[in-house]
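Numbering (our numbering), first residue to last: 5 to 60. Don't be surprised by glycine CBs; every beta carbon is placed ideally from N, CA and C. Read through the structure below, which is laid out as structure tokens, and then see the notes.
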């Protein structure tokens, strides 16, 4: 929800994220790949820890 509101407020102000800012890449397909990599590779350890906590 927070991201949606931020996007809305930025659009109203005529602002946007540009490629090269954080995980934003040139073109939507490349940005999607970055987000996919973050969720697949970057969150693996987090997922494992959550599962450990749940079964304790």
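* Check residue 22 in the structure and name its three-state DSSP category. => coil
* Asked: On the three-state DSSP scale, how would you describe residue 60?
  -> coil
* Return the chain-ordered list of same chain residues with a C-beta closer than 7 Å to the C-beta of residue 40, the five sequence neighbours on each side being excluded. => none
* Asked: Where residue 19 and residue 59 are concerned, what is the direct C-alpha to C-alpha distance, given to the nearest angstrom?
  -> 45 Å
* Going by the C-beta, is residue 34 closer than 7 Å to any heavy atom of the ligand ZN? -> Looking for the ligand ZN in the displayed structure turns up nothing, as the structure carries no ligands at all.
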